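The structure under discussion appears below in the form of C-alpha cells.
There are 2 protein chains.
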Amino acid sequence: MDEIITLDYGSGGKKTSELIEKMFVPAFANPALEALGDGAVVPVPQGGRLVLSTDSFVIDPLFFPGGNIGRLAVCGTVNDICMCGGEPLYLTLGAIIEEGLPVAQLKEIIASIAAEARAVGVQIVTGDTKVVEKGRGDKLYLNTAGVGVLKYPGLGPQAIRPGDKVLISGMIGDHGTAVMLARADGGLGLESTIESDCMPLKALAAAACEAGGVRVLRDPTRGGVATTLNEFCEGRPFGIALSEKALPIRPQVQAACDLLGLEPLYCANEGKMLCVVSPEKADAVLAAMRGVPGGENAACIGEVTSDWPGRVALRTVFGGSRILSKLTGAQLPRIC
Amino acid sequence: MDEIITLDYGSGGKKTSELIEKMFVPAFANPALEALGDGAVVPVPQGGRLVLSTDSFVIDPLFFPGGNIGRLAVCGTVNDICMCGGEPLYLTLGAIIEEGLPVAQLKEIIASIAAEARAVGVQIVTGDTKVVEKGRGDKLYLNTAGVGVLKYPGLGPQAIRPGDKVLISGMIGDHGTAVMLARADGGLGLESTIESDCMPLKALAAAACEAGGVRVLRDPTRGGVATTLNEFCEGRPFGIALSEKALPIRPQVQAACDLLGLEPLYCANEGKMLCVVSPEKADAVLAAMRGVPGGENAACIGEVTSDWPGRVALRTVFGGSRILSKLTGAQLPRIC
Numbered sequence: 003m004d005e006i007i008t009l010d011y012g013s014g015g016k017k018t019s020e021l022i023e024k025m026f027v028p029a030f031a032n033p034a035l036e037a038l039g040d041g042a043v044v045p046v047p048q049g050g051r052l053v054l055s056t057d058s059f060v061i062d063p064l065f066f067p068g069g070n071i072g073r074l075a076v077c078g079t080v081n082d083i084c085m086c087g088g089e090p091l092y093l094t095l096g097a098i099i100e101e102g103l104p105v106a107q108l109k110e111i112i113a114s115i116a117a118e119a120r121a122v123g124v125q126i127v128t129g130d131t132k133v134v135e136k137g138r139g140d141k142l143y144l145n146t147a148g149v150g151v152l153k154y155p156g157l158g159p160q161a162i163r164p165g166d167k168v169l170i171s172g173m174i175g176d177h178g179t180a181v182m183l184a185r186a187d188g189g190l191g192l193e194s195t196i197e198s199d200c201m202p203l204k205a206l207a208a209a210a211c212e213a214g215g216v217r218v219l220r221d222p223t224r225g226g227v228a229t230t231l232n233e234f235c236e237g238r239p240f241g242i243a244l245s246e247k248a249l250p251i252r253p254q255v256q257a258a259c260d261l262l263g264l265e266p267l268y269c270a271n272e273g274k275m276l277c278v279v280s281p282e283k284a285d286a287v288l289a290a291m292r293g294v295p296g297g298e299n300a301a302c303i304g305e306v307t308s309d310w311p312g313r314v315a316l317r318t319v320f321g322g323s324r325i326l327s328k329l330t331g332a333q334l335p336r337i338c
Numbered sequence: 003m004d005e006i007i008t009l010d011y012g013s014g015g016k017k018t019s020e021l022i023e024k025m026f027v028p029a030f031a032n033p034a035l036e037a038l039g040d041g042a043v044v045p046v047p048q049g050g051r052l053v054l055s056t057d058s059f060v061i062d063p064l065f066f067p068g069g070n071i072g073r074l075a076v077c078g079t080v081n082d083i084c085m086c087g088g089e090p091l092y093l094t095l096g097a098i099i100e101e102g103l104p105v106a107q108l109k110e111i112i113a114s115i116a117a118e119a120r121a122v123g124v125q126i127v128t129g130d131t132k133v134v135e136k137g138r139g140d141k142l143y144l145n146t147a148g149v150g151v152l153k154y155p156g157l158g159p160q161a162i163r164p165g166d167k168v169l170i171s172g173m174i175g176d177h178g179t180a181v182m183l184a185r186a187d188g189g190l191g192l193e194s195t196i197e198s199d200c201m202p203l204k205a206l207a208a209a210a211c212e213a214g215g216v217r218v219l220r221d222p223t224r225g226g227v228a229t230t231l232n233e234f235c236e237g238r239p240f241g242i243a244l245s246e247k248a249l250p251i252r253p254q255v256q257a258a259c260d261l262l263g264l265e266p267l268y269c270a271n272e273g274k275m276l277c278v279v280s281p282e283k284a285d286a287v288l289a290a291m292r293g294v295p296g297g298e299n300a301a302c303i304g305e306v307t308s309d310w311p312g313r314v315a316l317r318t319v320f321g322g323s324r325i326l327s328k329l330t331g332a333q334l335p336r337i338c
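If you read the protein sequences in the order shown, they are chains A and W. The numbers in the first sequence follow our numbering, run straight up by one, and end at 338. The numbers in the second sequence follow our numbering, run straight up by one, and end at 338.
What follows is the structure in C-alpha cells.
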C-alpha cells in the first residue's frame with residue numbers, strides 16, 4: 003500500500019482490490035465478506051421481522067476525545083436498530099475517501115470499526131469504497147446500514163400515554179461538547195476533560211425492555227434531547243414536562259456550553275438512550291438501566307402530561323416553565 | 003422549502019424534519035418509512051437467507067444521458083443483490099448533500115429514486131440526510147444498502163469450471179463512455195448519441211437462473227468486463243478466453259473510446275450482466291436472456307479454459323491473443 007490514498011484506489015481495478023483485500027477484509031474477517039461478491043449472503047433466525055437502519059457519518063474532526071468516525075459509525079447504526087427493539091446482526095459499510103487521506107489514519111479507523119463491531123457482536127458483511135478528488139470531500143465519510151431482527155415489538159411514539167415517565171440513561175450533551183471543543187483545538191484556551199459518550203446501547207436497551215413497560219426508546223443524537231422529545235409529542239394531545247433540576251449534566255459540559263452560547267439539551271449524544279415508560283414500571287426500568295455499564299447515571303427527567311399538548315416544557319429550578327422547541331438552524335454542523 | 007440547501011437542513015432540527023417530511027417521505031410513501039423511527043421494521047419471508055449489499059454513488063455529473071445519480075443508486079444496489087441470486091425487497095438511502103445544492107435538483111433526483119424503486123418492486127424503508135459545507139462534497143453523494151432474500155443459492159466464482167461459457171447481456175461500455183462524454187460537455191465537439199445503460203438486472207438475472215446451469219452472475223461496473231473476468235479467475239487453475247469478434251460494442255462507443263484513448267472492456271457498465279454458465283445450458287440461458295427487454299443483444303463472448311490459468315486472454319480478430327489484466331490506475335474517477 004502507498005502512504006496516502008490516491009484516486010487510483012477508487013478505480014475498481016488493482017488498487018481498489020488491494021485496498022479492500024489488505025485493509026478492510028482482514029480487519030472484519032468473516033465468511034460472508036471474504037467471499038468478495040457483489041453482496042453478502044447471510045442467515046437470519048426464522049420467522050422474524052427485520053429492523054433496518056442507515057446513517058452517514060461526516061463528523062469533523064475524524065478523531066475526537068472518546069472516539070473516532072469509525073467507532074461512531076458502528077455505534078450510530080447499531081443504536082438505531084436497538085432503539086427500534088431490534089437485535090443487531092449485520093452491518094454494511096460504505097467509505098467515501100478524499101484523495102490524500104493518509105493510509106495510516108484509514109487503518110486506525112478500520113481497526114476501530116472492527117473492534118467495536120466485535121464488542122457489540124455484529125458482523126461487517128459487505129462494503130464499498132469510493133475515492134473522490136481533493137476538495138470534493140473531507141478526508142473520510144462513512145455510511146453504515148444495519149440489519150437486525152425484531153426482538154421487542156410495539157415500541158414507538160404511538161404507545162406514549164399521559165402519566166408516562168421520561169428516563170435518560172446518563173449525562174447529557176457530552177458528545178456535542180467534546181467535538182466542539184476538539185474542533186476549537188485548544189483555541190479556546192480550555193483544557194478539556196470532556197469525552198464523547200459514543201457507545202453501543204445494546205445492553206441498555208435490552209435491560210430496559212426486559213424490565214417491561216417501555217413505550218419508546220430513542221438515542222438523542224443531532225438536535226439533542228430537546229429535539230427528540232419534541233418529535234415524540236408533535237401533533238399529539240399530550241406534551242412532556244422536564245424537570246431542570248433532574249437533568250444529569252456534567253458541570254464542565256454546562257460550563258463549556260455557557261461559554262459557547264449553547265444549550266446541553268440541544269447537544270448531540272452518541273451513547274445515551276431516552277426511554278418513555280409506563281409509571282408503574284418506571285422504577286424497575288430505571289434500576290435495570292443503572293445496573294448496566296454506562297447507565298450508572300440514569301435518571302428520571304420528566305413526565306408525559308396533558309398540560310402542554312404537542313410541546314416540551316422545562317420546569318426551571320426557579321419554579322417557572324419555558325418551552326423547548328425543536329432545534330432551529332444548525333447548532334453545530336457535522337457533529338456526527 | 004428554500005430554493006437551495008443550507009447547512010441548517012443538516013442540523014437534525016426543524017429544517018431537517020422539513021427536508022425529510024416534505025421531500026423524501028412523500029416520494030417513497032410506505033408504512034415503514036412513514037413511522038419516522040430511527041430505523042424500519044419490515045417483514046421477511048420465513049426461513050430464508052438474506053442477501054445484503056451496499057454502494058456509495060459519487061458520480062460526476064449528477065445528471066447524464068440515460069439517467070442520474072438517483073436512478074443509478076437504485077439500480078446499482080438492486081443489481082448487486084440480483085447478481086448474488088437474491089430477490090431485492092428493501093433499500094436504505096443515505097444522502098450527503100453539499101451546501102448550495104438547488105432543491106429543484108434534489109427533488110428531481112428523489113423522484114427518479116422513487117420511480118425506479120417502484121418499477122423494480124423495492125421499498126425505500128429508512129434513510130438519513132447529512133449536509134456538508136460548500137467545498138466539502140460535490141453537490142450530492144448517495145449511499146444505498148439493500149436487503150433481499152436468497153432465491154438462487156450457490157452462485158459464485160467457486161462454481162466455475164473449464165469449458166463453461168461466458169455470456170454478456172448486451173452492449174459493452176455504454177455507461178462509462180456516456181458519462182465521460184457528458185463530463186467533456188461538448189468540449190470534444192462530439193455530438194453524442196451514447197446513453198448510459200443504467201437499468202435494473204432483476205428480470206435478466208431471473209431469466210438466466212430459471213434456465214439453469216448458471217455458475218456466477220456479476221455486473222461489470224467500475225473496472226469493466228475485463229476487470230470482473232479477472233476477478234473470476236485470479237489464483238484459479240483456469241483462465242478465460244474472450245473472442246474479440248464476438249464482443250457486442252456499439253460503433254460509436256468504440257469510436258469515442260478510440261478518440262479518448264480508452265478501451266471499452268475497461269469501461270463501466272450499469273445495466274449489463276456477465277454470466278458464466280455450463281456448456282450444456284449456455285444456449286438456453288442465452289435465449290432466455292435475449293427474451294428479456296434489455297437483453298436483446300446478449301452474446302456468448304468467450305469460454306473458461308485451462309490454457310490461461312489465472313488470466314483473461316483476448317483472441318483478436320487478427321488471430322493473435324493478448325492478456326487483459328485488471329484495470330491499473332484510475333481510468334475515470336467518479337464514474338458511479
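Ideal placement from N, C-alpha and C gives every residue a C-beta, glycine not left out. Computed from a prediction, not measured in an experiment: that's the story for all the values here.
C-beta atoms of A:R138 and W:G139 nearer than 8 Å: By one-based count along the first sequence, residue 138 of chain A stands at place 136. By one-based count along the second sequence, residue 139 of chain W stands at place 137. In contact: A:R138 and W:G139 (Cβ atoms closer than 8 Å).
Buried versus exposed, by CB contacts within 10 Å (16 or more), W:E282: Numbered from 1 along the second sequence, position 280 holds the residue referred to as residue 282 of chain W. With fewer than 16 other Cβ atoms within 10 Å, it is exposed.
Run of the beta strand (DSSP E) containing A:D28, from where it starts to where it stops: Residue numbering aside, residue 28 of chain A sits at position 26 when the first sequence is read from its first letter. In the sequence under discussion, the amino acid at residue 28 of chain A is Pro, which differs from the Asp named in the question. From DSSP, A:P28 is part of no beta strand (DSSP E) but of the alpha helix (DSSP H) over 27-30.
Within chain A, the residues that W:M3 reaches when beta carbons sit closer than 7 Å: What you label residue 3 of chain W is simply residue 1 of the second sequence in a count that begins at 1. Chain A residues near W:M3: none, gap ~15 Å exceeds 7 Å.
Inter-residue spacing [alpha-carbon to alpha-carbon] between A:Y143 and A:I99: Translated into positions along the first sequence, residue 143 of chain A becomes position 141. Translated into positions along the first sequence, residue 99 of chain A becomes position 97. Taking the straight line from one Cα to the other gives about 7 Å.
Three-state class that DSSP yields for W:Q254 in the structure shown: Position 252 of the second sequence holds residue 254 of chain W. For W:Q254, the secondary structure class from DSSP, reduced to helix, strand or coil, is helix.
Min CB distance W:G69 to chain A below 8 Å: In the second sequence, residue 69 of chain W corresponds to position 67, counting from 1. Taking Cβ atoms only, chain A never reaches closer than 8 Å to W:G69, which makes this a no.
For A:K167: DSSP bridge partner residues: For the purposes of this step, residue 167 of chain A is taken as the residue at position 165 of the first sequence. For A:K167, the beta-bridge partners assigned by DSSP are A:V279, A:E305.
Closest residue to W:A257 among W:R238, W:S194, W:S55, W:E246 (Cα-Cα distance): Within the second sequence, numbered from 1, the residue matching residue 257 of chain W stands at position 255. Nearest option by C-alpha distance: W:S194.
Min CB distance A:G237 to chain W below 8 Å: Indexing the first sequence from 1 puts residue 237 of chain A at position 235. No, A:G237 lies away from the interface with chain W (no Cβ there is under 8 Å from its Cβ).
Chain W contact residues for A:I83, given Cβ-Cβ distances below 7 Å: Here the question's residue 83 of chain A lines up with position 81 in the first sequence. What A:I83 touches in chain W: G41.
is_contact[W:Q2, chain A] using C-beta, thresh 8 Å: The structure shown does not extend to residue 2 of chain W, since chain W is modelled only from 3 through 338, so no value can be given for it.
Coarse secondary structure for W:L52, derived from DSSP in three states: Counting from 1 along the second sequence, the entry for residue 52 of chain W is found at position 50. Note: W:L52 maps to strand in three-state DSSP.
Environment of W:S13 [buried if 16+ CB atoms lie within 10 Å]: For the purposes of this step, residue 13 of chain W is identified with residue 11 of the second sequence, where counting begins at 1. Burial call: buried.
Alpha-carbon spacing of W:T8 relative to W:G102, whole angstroms: Mapped onto the second sequence, residue 8 of chain W falls at position 6. Mapped onto the second sequence, residue 102 of chain W falls at position 100. Approximately 6 Å between the Cα atoms of the pair.
Three-state class that DSSP yields for A:F234 in the structure shown: Your numbering for residue 234 of chain A matches position 232 in the first sequence. A:F234: helix per DSSP, three-state reduction.
Contact check, A:E246 vs A:T318, beta carbons under 8 Å: The count along the first sequence starts at 1 and reaches residue 246 of chain A at position 244. The count along the first sequence starts at 1 and reaches residue 318 of chain A at position 316. Contact: yes.
Below-8 Å beta-carbon distance, W:N145 vs any chain A residue: What you label residue 145 of chain W is simply residue 143 of the second sequence in a count that begins at 1. Yes, W:N145 counts as interfacial toward chain A.
Coarse secondary structure for W:Y154, derived from DSSP in three states: Here residue 154 of chain W corresponds to residue number 152 of the second sequence, with the count starting at 1. Reduced to three states, the DSSP call for W:Y154 is coil.
Three-way DSSP call (helix, strand, coil) for W:L108 in this model: Walking along the second sequence from the start, residue 108 of chain W turns up at place 106. Here W:L108 sits in helix by DSSP.
Within chain A, partners of W:V60 - CB distance below 9 Å: Here the question's residue 60 of chain W lines up with position 58 in the second sequence. Residues of chain A whose Cβ lies closer than 9 Å to the Cβ of W:V60 are, in chain order, G12, I98, K132, V133, V134, R138, G139.
Chain-order list of residues whose beta-carbon lies under 6 Å from that of W:A147 (same chain, five-residue window excluded): Within the second sequence, residue 147 of chain W is the residue found at index 145, counting from 1. Hits under 6 Å: T56, T94.
Counted within 10 angstroms of its Cβ, other Cβ atoms place A:L261 as buried (16 or more) or exposed: Looking up residue 261 of chain A in the first sequence gives position 259. With fewer than 16 Cβ atoms within 10 Å of its Cβ, A:L261 is classed as exposed.
Outcome for A:D40 when other beta-carbon atoms lying within 10 angstroms are tallied against a minimum of 16: As a first step, residue 40 of chain A is located in the first sequence; it is residue number 38 there, counting from the start. It counts as buried.
Local conformation of W:D10 per DSSP, three classes: By 1-based counting over the second sequence, the position of residue 10 of chain W is 8. The answer is helix: DSSP assigns W:D10 an H, G or I state.
Min CB distance W:S198 to chain A below 8 Å: Counted from its first residue, the second sequence places residue 198 of chain W at position 196. It does not: the Cβ of W:S198 has no partner Cβ on chain A nearer than 8 Å.
Nearest neighbour of W:E118, chosen from W:F30, W:I174, W:A184, W:F234 [CA to CA]: Counting from 1 along the second sequence, the entry for residue 118 of chain W is found at position 116. The option with the nearest alpha carbon to W:E118 is W:F30.
Buried versus exposed, by CB contacts within 10 Å (16 or more), W:F355: With chain W represented from 3 up to 338, any question about residue 355 of chain W goes unanswered, as that position is not in the structure.
Contacts that A:P335 makes with chain W (C-beta to C-beta distance below 8 Å): For this step, residue 335 of chain A is matched to residue 333 along the first sequence. Within chain W, the residues near A:P335 are L9, G12, S13, V133, V134, E135.
For W:K136, the nearest candidate out of W:G175, W:E89, W:P104 (CA to CA): Translated into the one-based positions of the second sequence, residue 136 of chain W becomes position 134. Of the listed residues, the one whose Cα sits closest to W:K136 is W:P104.
Under 8 Å between C-beta atoms of W:R220 and W:T230: One-based indexing of the second sequence puts residue 220 of chain W at position 218. One-based indexing of the second sequence puts residue 230 of chain W at position 228. Their beta carbons are under 8 Å apart, which means W:R220 touches W:T230 by this criterion.
For W:K167 and W:I303, the rounded distance between their alpha carbons: As a first step, residue 303 of chain W must be located in the second sequence, where it is residue number 301. As a first step, residue 167 of chain W must be located in the second sequence, where it is residue number 165. Distance between the alpha carbons of W:I303 and W:K167: 8 Å.
Exposure label - W:I325; buried when at least 16 CB within 10 Å: Within the second sequence, residue 325 of chain W is the residue found at index 323, counting from 1. Per the 10 Å Cβ criterion, exposed.
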